[in-house]
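Quick notes on the structure that follows.
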Amino acid sequence: MNLSRTARAALWTALAAGLAVIYVPLAVVVLNSFNADRTFGWPPPGFTFDWWAAAWRSTGMREALWTSVQAASGATLIALVLGTLAAFAVQRHAFFGRETVSLLIVLPIALPGIVTGIALSNTFHSVLGVPLGLFTVIVGHATFCVVTVYNNVLARLRRLGVSIEEASADLGADMFTTFRLVTFPMMRSALLAGGLLAFALSFDEIIVTTFTAGAGVRTLPIWIFENLFRPNQAPVVNVVAAALILLSVLPIWLAQRITGEATR
Numbered sequence: 001m002n003l004s005r006t007a008r009a010a011l012w013t014a015l016a017a018g019l020a021v022i023y024v025p026l027a028v029v030v031l032n033s034f035n036a037d038r039t040f041g042w043p044p045p046g047f048t049f050d051w052w053a054a055a056w057r058s059t060g061m062r063e064a065l066w067t068s069v070q071a072a073s074g075a076t077l078i079a080l081v082l083g084t085l086a087a088f089a090v091q092r093h094a095f096f097g098r099e100t101v102s103l104l105i106v107l108p109i110a111l112p113g114i115v116t117g118i119a120l121s122n123t124f125h126s127v128l129g130v131p132l133g134l135f136t137v138i139v140g141h142a143t144f145c146v147v148t149v150y151n152n153v154l155a156r157l158r159r160l161g162v163s164i165e166e167a168s169a170d171l172g173a174d175m176f177t178t179f180r181l182v183t184f185p186m187m188r189s190a191l192l193a194g195g196l197l198a199f200a201l202s203f204d205e206i207i208v209t210t211f212t213a214g215a216g217v218r219t220l221p222i223w224i225f226e227n228l229f230r231p232n233q234a235p236v237v238n239v240v241a242a243a244l245i246l247l248s249v250l251p252i253w254l255a256q257r258i259t260g261e262a263t264r
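Each residue of the sequence shown is one higher than the last, beginning at 1 in UniProt numbering.
If you want it as structure tokens, here you go:
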């Protein structure tokens with residue numbers, strides 16, 4: 001489609017404005033993590049690494065970081081297993097209500113987080129009698145992390161078809177051999193991309209975590225929220241937020257690269 005010079009300029013302007021709205025505030029957070037002024041005066045009177053050293057010495061931050069890693073790892077593992085099995089069931093088998101099942105799997109990520117959190121908290125506490133803790137956080141995160149794995153695996157299965165697996169079966173390979181030598185190698189990049197996205201989604205979740213963590217579990221997002229308005233902790237919070245911005249780029253970039261290379 002050929003666009004006039006005016007139309008192209010308008011599109012580029014809209015793109016620049018949209019990116020600025022998203023990334024300028026993030027850039028301010030990163031700059032404030034080096035701001036020598038404790039009250040974050042602007043422009044910064046100077047730059048320092050003292051806040052980064054203080055953040056690393058924070059015991060509460062390190063404990064919250066480890067809790068987040070545990071929760072995200074557990075939720076990702078559950079999502080990989082359940083999301084993969086669900087994708088194979090929906091794509092490779094015809095049964096009554098298949099589209100409904102697909103909708104039910106995807107629905108949790110579309111629901112407001114506060115609704116999911118209240119539902120899970122009531123179920124764990126009132127119905128099942130399970131005490132809130134790290135386990136309930138992992139299960140809560142897995143409910144929406146499954147969607148990322150499911151979508152990635154389902155899209156890959158639709159592109160692959162079944163001809164190669166049928167050829168493997170015709171050559172005498174049983175179901176497990178075909179999966180190990182044929183299906184899994186073709187699915188590997190989709191699983192890795194889905195797992196990376198699920199980990200990133202779980203790592204920064206706060207709303208569902210608030211309802212499922214209980215009093216003794218504090219993930220990094222919860223730690224940031226609790227310390228956000230404490231004057232002595234504000235510089236450290238900015239450092240942790242800046243570090244999360246920088247670290248969050250890696251799994252998203254890897255997932256995009258893996259997905260893009262697999263579709264070439």
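Every residue gets a Cβ at the ideal spot worked out from N, C-alpha and C, and that includes glycine.
In this structure T219 does not touch A89 by the C-beta definition: roughly 32 Å separates them, more than the 8 Å allowed. P44 and L201 have their C-alpha atoms spaced approximately 32 Å apart. L85 and P185 have their C-alpha atoms some 16 Å from each other. Under a 10 Å Cβ-count criterion, P25 is classified as exposed, with fewer than 16 other Cβ atoms of the shown protein chains found around its own Cβ. Secondary structure of F47 (DSSP, three-state): strand.
Under the DSSP assignment, R38 falls outside any alpha helix (DSSP H); it carries neither an H nor an E label. With contact defined as three or more Cβ pairs closer than 8 Å, the region 101 to 108 and the region 173 to 193 are not in contact.
For R98, the uninterrupted alpha helix (DSSP H) segment begins and ends at R98 to A110. CA-to-CA, the gap between Q70 and F203 works out to about 9 Å.
Secondary structure at L132: coil, using DSSP grouped into helix, strand and coil.
In the same chain as A169, and ignoring 5 residues on each side of it, the C-beta atoms closer than 7 Å to its own belong to T178, in chain order. By the neighbour-count definition (other C-beta atoms within 10 Å, threshold 16), Q233 is a buried residue. Taking the CA atoms as reference points, I118 sits about 15 Å from I109.
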